[in-house]
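Below: the structure, in structure tokens.
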Amino acid sequence: MDKFIPYKVDDVQNLGMAVQVTCFQCGGAAVGLVMSHKIADATSFFLVANTWAAVARNGNYDDVPGPKFEGAKIFPPQDIVVGFKPSTGIVKEELIAKIFTFPASKISTLQDRYSGGATEFPQRRPSRVEALSTFICVSILVFGKKRIEGWRNVGLRFGEEG
Numbered sequence: 088m089d090k091f092i093p094y095k096v097d098d099v100q101n102l103g104m105a106v107q108v109t110c111f112q113c114g115g116a117a118v119g120l121v122m123s124h125k126i127a128d129a130t131s132f133f134l135v136a137n138t139w140a141a142v143a144r145n146g147n148y149d150d151v152p153g154p155k156f157e158g159a160k161i162f163p164p165q166d167i168v169v170g171f172k173p174s175t176g177i178v179k180e181e182l183i184a185k186i187f188t189f190p191a192s193k194i195s196t197l198q199d200r201y202s203g204g205a206t207e208f209p210q211r212r213p214s215r216v217e218a219l220s221t222f223i224c225v226s227i228l229v230f231g232k233k234r235i236e237g238w239r240n241v242g243l244r245f246g247e248e249g
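Per our numbering, residue 88 is the first one in the sequence shown, and the count goes up by one each step.
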């Protein structure tokens, strides 16, 4: 993945944000975006990325809905999984990498699953990335409750088939 972003993830730079566009021979393109935690958290990062993509698709900023900072209402705080100890530094040990692909129909099912149920807020269908990220996070939390020993760092990449 390092070749699709402007600099390596663990490479400290004095940049607030950096963008790299990679063009492929088939005519496709990938846009790599990195942002410093000094200027944005994950929610802000995805807000910038999603807004940028929507403006690029539609060509009009007025058609892009504004942000809603209602995360605590939609996802109230819960107790963290017992035994969960997130790392605070850069991992230098060997990682195990797995690639998972999901059929478009399954991702669409996940989007439907995570878009229903709320009545207090105007609903929108989550993006494919949001739905799949939610599914992976929920799965990790459920798995974490089983108290499996022998944790190893795993690098996950996911994409869409077809």
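Where is the CB? At the ideal position from N, CA and C, for every residue including glycine.
A quick note: this is a predicted structure, and the numbers were derived from the prediction, not measured.
Closest Cα partner of residue i within the set the options
i	options	result
A136	D150, V121, I126 and N147	V121
I92	I194, Q107, P164 and L182	Q107
S131	G103, D199, R211 and T188	G103
R200	A140, F222 and A143	F222
K95	G115, S123 and A116	S123
K125	Y148, N101 and N145	N101
I194	G203, W139, E180 and S220	S220
DSSP bridge partner residues for residue i (one or two, in chain order)
i	result
K160	DSSP output for K160 lists no bridge partner at all.
C268	Because the chain in this structure spans residues 88 to 249, residue 268 falls outside the shown range and cannot be described.
A141	According to DSSP, A141 bridges with nothing at all.
Three-state secondary structure assigned by DSSP to residue i
i	result
A136	helix
C224	helix
L102	coil
A127	coil
K90	helix
V121	strand
E217	helix
Q198	helix
V229	helix
P152	coil
R211	coil
Alpha-carbon spacing of residue i relative to residue j, whole angstroms
i	j	result
I227	C113	36 Å
E157	A191	29 Å
A184	A218	22 Å
Q198	R215	7 Å
G153	F111	32 Å
D150	R212	16 Å
D128	L134	10 Å
P164	C224	15 Å
G115	N147	23 Å
A141	F189	23 Å
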